[in-house]
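Top to bottom, those sequences are chains A and B.
Using the UniProt record's numbering, you'd call the opening residue of the first sequence number 1 and step up by one each time.
Using the UniProt record's numbering, you'd call the opening residue of the second sequence number 1 and step up by one each time.
To start, the structure itself, in structure tokens.
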Amino acid sequence: MSRWAAESQNKRLGFVLLIAPAVMLLAVFLILPMMSVFRASFYPGTSALGASGFSLHQYYKFFADSFYVSVLLETIVYALITSLGCLLLGFPVGYSLARLPPTQRRVRMILIIVPLTLSLVVVVFGWLVLLGRQGLVNNILMGIGLIDTPKQLLFNRFAVIVVLIQQFLPFMILSVMNVALQIDPVLEQASTSLRAKRLRTFWKIVIPLAAPGIISGFTLVFVMTVSAFVTPRLIGGPKAHMIGGLVYEEVLITLNWPFGAAMSFILLAVGLGTLATVSILIVRPLARGLHVR
Amino acid sequence: MQNIAKGAFAPANEQDFVVSFRNIEKIYGGVKAVDAVSLDIRRGELVCLLGPSGCGKTTTLRMLAGFIDPTGGEILIEGQNVTRLPAYRRDIGIVFQNYALFPHMTVAKNVEYGLISIGMKKAERQDRVQEILRRVELQHLADRYPRALSGGQQQRVALARALALQPKVLLLDEPFSNLDAQLRVRLREDLHGLIRSLNMTTLFVTHDQEEALTLADRIVVMNQGLVEQIGSPEEIYDAPSSRFVAQFIGSCALLEGNIDGDGQFTSHAGFQLQTSASPGTATIVIRPEYVRRSEELPTLRSYRAHVDASDYHGHTSRLQLSVGSDKLLMDARFPVGRKPNQGDLIDVAIDPAGVRVVPQQAQEWRKQNTI
Chain A
1 MSRWAAESQN
11 KRLGFVLLIA
21 PAVMLLAVFL
31 ILPMMSVFRA
41 SFYPGTSALG
51 ASGFSLHQYY
61 KFFADSFYVS
71 VLLETIVYAL
81 ITSLGCLLLG
91 FPVGYSLARL
101 PPTQRRVRMI
111 LIIVPLTLSL
121 VVVVFGWLVL
131 LGRQGLVNNI
141 LMGIGLIDTP
151 KQLLFNRFAV
161 IVVLIQQFLP
171 FMILSVMNVA
181 LQIDPVLEQA
191 STSLRAKRLR
201 TFWKIVIPLA
211 APGIISGFTL
221 VFVMTVSAFV
231 TPRLIGGPKA
241 HMIGGLVYEE
251 VLITLNWPFG
261 AAMSFILLAV
271 GLGTLATVSI
281 LIVRPLARGL
291 HVR
Chain B
1 MQNIAKGAFA
11 PANEQDFVVS
21 FRNIEKIYGG
31 VKAVDAVSLD
41 IRRGELVCLL
51 GPSGCGKTTT
61 LRMLAGFIDP
71 TGGEILIEGQ
81 NVTRLPAYRR
91 DIGIVFQNYA
101 LFPHMTVAKN
111 VEYGLISIGM
121 KKAERQDRVQ
131 EILRRVELQH
141 LADRYPRALS
151 GGQQQRVALA
161 RALALQPKVL
171 LLDEPFSNLD
181 AQLRVRLRED
191 LHGLIRSLNM
201 TTLFVTHDQE
211 EALTLADRIV
221 VMNQGLVEQI
231 GSPEEIYDAP
241 SSRFVAQFIG
251 SCALLEGNID
261 GDGQFTSHAG
271 FQLQTSASPG
281 TATIVIRPEY
291 VRRSEELPTL
301 RSYRAHVDAS
311 DYHGHTSRLQ
321 LSVGSDKLLM
331 DARFPVGRKP
341 NQGDLIDVAI
351 DPAGVRVVPQ
361 QAQEWRKQNT
371 I
């Protein structure tokens, strides 16, 4: 065997050793459980314990019931609105952070990351305090005389979306910032020197070049929103439903694992499908010819 | 310094100036990055800002482009005060050091970008793009993306993109610094020809004296935010107005000493040379190509010099010489096999045409202004 061949084999071995721990962890704690959940979704009965057989009953049950289908649609709509909201609010922040000197950026980044270190339950309870009948917002509104009696601010769809956006905004900011850091600011000057006003520079130069960050931020937020269940249950109450909450109920309250498993995989498939559609229709045309570093 | 600018360049008519800097100044954190720069650029003229990095040349260019606001002074383009105008209203074209081509657009789209900005109709736009790409010989690459082009091709796209808008003035920011040496010379010639044929008024920033000397009609030598000298390449090289200019452009020996009533210069170490300058303390500049073997200049005073180092450069040899304890440089062609070696003694004479006395007042003036 030549020295080169031996060297390249050594390299390959090194590579395998480097990724082995992560792959094993994922295999044991993610892939295997997922496969068993996938299998459970094909049991015909209402319990996975000692069940056998293979049927599409759970999937049929889901799509035959307009309630489940409407909750699925509602979930997707929440996810799209939340992702879009995070994009509109997060893009300017992420972009301007990238244009700051590194020392100033570090402090602001910490401020953005801190909320992520709080438990989601704490954050949601914070919102409950803020939006409740005796909450801060109602008190202020009444104090300045805009309303006479406390308004029901919680337990509606709008509140769910506001809270979801608040939770996931940092992910959008960070992914936009990471990409914007790689955009040469001279390109914007070049655009300006070519008679382009700010708006044109923004649409024709900044947005297309930031597209990879927009995509990753959008994807992250979408995936996290689609699977949210704490927020819709506590903030949305009986009015706002998301599939995550239904899965939670099936698995932990009703203990109907096969149906819960089927809903999980329907959610997974629809979520991935929506992302693929968004990516093909909007993102690909934007990113065409982009220099991917 | 203003009077030097005006003196070296007598205006025919104020209208002829495409660009005027009037006492332009930029202060960064208490430091004057650009200090009282005044400069007029005539139509079709190619002016070069030359100086070491950090001398303020790029800041000056960027103030003209509209990317940096001056802290003082005015900038005029064709008589109009543009000091407070945004970059997109200044009618300038700029080629950036890294070209700044839009990576997500083809060559043709890059060139078309500015034409769309000004609202040109599609048919006219496409004609213009075709025409300018033909001009820079890139029509066959119109549908390529910038990353698929060589450095030289990218530079030509950047140039085409800037010229497509027929700007009043073209700015070039170190346009050759990203290219390898051979390509640089060829592209420099191409660029020069193109700018000349378009009669394009051009302001050009470089730290490379050779670039400045070959391309420029006039050179503005800058140092520590100040203009050291403005003049034609010949004036800058042959009549440097300060030690800095003499040392920055080309190589030279600098000797300090005194000049007596007869114009005889005596260095502090005792080296003597006849000049025509007026008496006083003085610095003299001796260019290496004017130091000759004494048999070539038999009528002139001969000096016995010790060869400290001898480097062969192909067309000439560069010798480092000591006359007493004064150092001289010498560029000369020696017959094959007769090049002096380190440690040899040779007799040299100094051609008076290559001796400059740096004006004393310029030196004092600089001292006052750099503290």
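Cβ atoms here follow ideal geometry from the backbone N, Cα and C, with glycine treated the same way.
Item	Value
Near-chain D residues of the region 114-137 of chain B (beta-carbon distance less than 9 Å), N- to C-terminal order	The question asks about chain D, but that chain is absent: this structure's protein chains are A and B.
Short CB-CB distance (under 8 Å) between residue 161/B and chain A	yes
Element boundaries [alpha helix (DSSP H), containing residue 83/B]	Looking at the DSSP string, residue 83/B is not in any alpha helix (DSSP H), and its letter there is neither H nor E.
Burial state of residue 30/B (16 or more Cβ within 10 Å)	exposed
Where residue 28/B falls, given that 16 or more other Cβ within 10 Å makes a residue buried	exposed
Contact set between residue 157/A and chain B, taken where Cβ atoms lie within less than 7 Å	Residues of chain B passing the Cβ test: none, with the nearest at roughly 38 Å.
Assigned secondary structure, residue 336/B (DSSP; H/G/I helix, E/B strand, else coil)	coil
Near-chain B residues of the region 180-206 of chain A (beta-carbon distance less than 7 Å), N- to C-terminal order	184, 186, 187, 189, 190, 192, 193, 194, 195, 196, 197, 200 and 205
Neighbourhood of residue 57/B by C-beta distance below 6 Å, restricted to the same chain and skipping five residues each side	49, 51, 205 and 222
Ranges of the beta strand (DSSP E) found wholly within the region 243-271 of chain B, counting only runs of at least 3	253-259 and 264-267
Every unbroken alpha helix (DSSP H) within the region 115-166 of chain A, with a cutoff of 4 residues, ordered by chain	120-131 and 136-143
Closer than 8 Å to chain A by CB, residue 93/B	yes
Continuous alpha helix (DSSP H) assignments of at least 4 residues falling wholly in the region 220-263 of chain A	243-248
Residue 174/B - DSSP class collapsed to helix/strand/coil	coil
Within-8 Å CB hit, residue 208/A to chain B	yes
Extent of the continuous beta strand (DSSP E) run through residue 26/B	17-28
Min CB distance residue 165/B to chain A below 8 Å	yes
Segment contact flag, the region 254-265 of chain A with the region 204-213 of chain A, C-beta cutoff 8 Å, min 3 pairs	no
CA nearest to the CA of residue 311/B, picked from 93/B, 304/B and 339/B	339/B
Contact set for residue 150/A: own chain, Cβ-Cβ below 6 Å, skip 5 residues either direction	133 and 138
Pick from 315/B, 169/B, 96/B and 350/B that is closest to residue 334/B, judged by C-alpha positions	315/B
Identity of the residue in 231/B, 85/B, 144/B and 109/B nearest residue 128/B by Cα	109/B
Contact with chain A by residue 98/B, beta-carbon distance below 8 Å	yes
Beta-bridge partners of residue 350/B, as assigned by DSSP	291/B
Three-state secondary structure (DSSP) of residue 42/B	strand
Selection from 223/A, 191/A, 229/A and 85/A that minimises the alpha carbon distance to residue 121/A	229/A
Those residues which DSSP pairs with residue 311/B across a bridge	318/B
Cβ pair count under 8 Å reaching 3, the region 155-167 of chain B against the region 60-68 of chain B	no
Contacts around residue 86/A, its chain only, beta-carbon distance under 6 Å, and the 5 residues preceding and following it disregarded	165, 168, 169, 172 and 221
Residues within the region 47-77 of chain B neighbouring chain A, beta-carbon criterion of under 8 Å	65, 66 and 67
Chain-ordered neighbours of residue 88/B on chain A, where CB pairs are closer than 7 Å	192, 195, 196 and 197
Cutoff 8 Å: residue 102/B Cβ touching any chain A Cβ	yes
Neighbourhood of residue 31/A by C-beta, 7 Å cutoff - its chain only, sequence neighbours within 5 removed	none
CB contact flag (residue 133/B, residue 126/B, <8 Å)	no
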